[in-house]
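Asker: Have a look at the structure that comes next, please.
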Amino acid sequence: TASDSIDIGSAITFKDDGPAVDVTAVGSSVTLDETDAFTDGFPITATSDASILTMTHDFGADGAAASGSIVYTLTVADAESGLKTAQGDYDITLVQTDADTITGQYNGSETAFTIEILSDGTLQVTQYVALEHGDVTDHDDPLTLTDKITAVVTLTDADGDTASDSIDIGSAITFKDDG
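Read left to right, the sequence shown gives residues 4 to 182 (our numbering).
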């Protein structure tokens, strides 16, 4: 009996599949009305009713990571918010405080508002001072942060592969005047 061998290891390939995510729309919104500050003063806080992102996702054959499988973060797309404080007319600059918080700062390091994305994808906005609203004939004159803030969702599967997608959410944040 004769035998021979050949290495076939390089002919065998195991391909990994990774997670996939597609943010399809802004899924909710947050509105703060300065009228609410009449009773108790500032700060005022509002939280979206649902996740700020509408998405489709798949963790693939590996399944979701045991922890941190879906992580939401925020990024500043344009630091010049276009907003001002009502008192002092200070320009408000958007500052990345940490991965899930953006702070609207004025006059150096004073806080006008904070925007935080929570672990379930909901958005919480806290306003600390009145904002300058341009339309004096509209007591609910809305201000937004369109094209200023992006929400990012990152999926991690069980073997550590990641996928991310993002969308502008600035138009889903509204500050109304107290009139």
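Even glycine gets a Cβ: it sits at the ideal position worked out from N, Cα and C.
Give me the DSSP bridge partner(s) of Lys179.
Answerer: Along the sequence shown, read from residue 1 onward, the residue named residue 179 stands at position 176. For Lys179, which the question treats as bridged, DSSP gives the partners Asp36 and Pro145.
Asker: Only counting the same chain, and skipping five residues up and downstream in sequence, which positions put a Cβ closer than 8 Å to that of Thr27?
Answerer: Residue numbering aside, residue 27 sits at position 24 when the sequence shown is read from its first letter. Cβ neighbours of Thr27 beyond the five flanking positions: Thr57, Met58 and Thr59.
Asker: Once the 5 residues before and after Ala161 are set aside, which same chain residues still bring their CB inside 8 Å of it?
Answerer: Position 158 of the sequence shown, counting from 1, holds the residue named residue 161. Excluding positions up to five away in sequence, the list reads Phe62, Asp65, Gly66, Ala67, Ala68 and Ala69.
Asker: Going by beta-carbon coordinates alone, are Phe116 and Val128 separated by less than 8 Å?
Answerer: The residue labelled residue 116 in the question sits at position 113 within the sequence shown. The residue labelled residue 128 in the question sits at position 125 within the sequence shown. Closer than 8 Å, so yes.
Asker: Could you check whether the segment 141-157 touches the segment 73-88, counting it as contact only if at least three pairs of C-beta atoms, one from each stretch, sit closer than 8 Å?
Answerer: Verdict: yes, contact present.
Asker: Measuring only the C-alpha atoms, how far is Asp168 from Pro22?
Answerer: Taking the first residue of the sequence shown as position 1, residue 168 is located at position 165. Taking the first residue of the sequence shown as position 1, residue 22 is located at position 19. Rounded to whole angstroms, Asp168 to Pro22 spans 11 Å at the Cα level.
Asker: So the beta strand (DSSP E) Leu97 belongs to, where does it begin and stop?
Answerer: Mapped onto the sequence shown, residue 97 falls at position 94. Residues Asp94 to Asp101.
Asker: What does the alpha-carbon distance come out to for the pair Ala175 and Ala49?
Answerer: Against the sequence shown, residue 175 aligns to sequence position 172. Against the sequence shown, residue 49 aligns to sequence position 46. Approximately 12 Å between the Cα atoms of the pair.
Asker: Between the Cα of Asp19 and those of Gly173, Ile170 and Thr165, spot the shortest distance and give me the residue it belongs to.
Answerer: Here residue 19 corresponds to residue number 16 of the sequence shown, with the count starting at 1. With distances taken between Cα atoms, Asp19 lies closest to Thr165.
Asker: Here's the rule: buried if 16 or more other CB atoms are within 10 angstroms of the residue's CB, otherwise exposed. What is Asp103?
Answerer: Translated into the one-based positions of the sequence shown, residue 103 becomes position 100. Its Cβ being crowded by 16 or more others within 10 Å, Asp103 is buried.
Asker: If you measure between the beta carbons of Thr34 and Thr125, is that distance less than 8 Å?
Answerer: Here residue 34 is taken as the residue at index 31 of the sequence shown, counted from 1. Here residue 125 is taken as the residue at index 122 of the sequence shown, counted from 1. No, these two residues do not count as a Cβ contact at 8 Å.
Asker: Just how far apart, CA to CA, sit Asp81 and Gly163?
Answerer: On the sequence shown, position 78 is the one that residue 81 refers to. On the sequence shown, position 160 is the one that residue 163 refers to. One C-alpha to the other measures close to 31 Å.
Asker: Could you name each continuous beta strand (DSSP E) segment of 3 residues or more that falls completely within the segment 110-162, going from the start of the chain to the end?
Answerer: Runs of the beta strand (DSSP E) inside the segment 110-162: 113-120, 126-130, 145-147 and 152-159.
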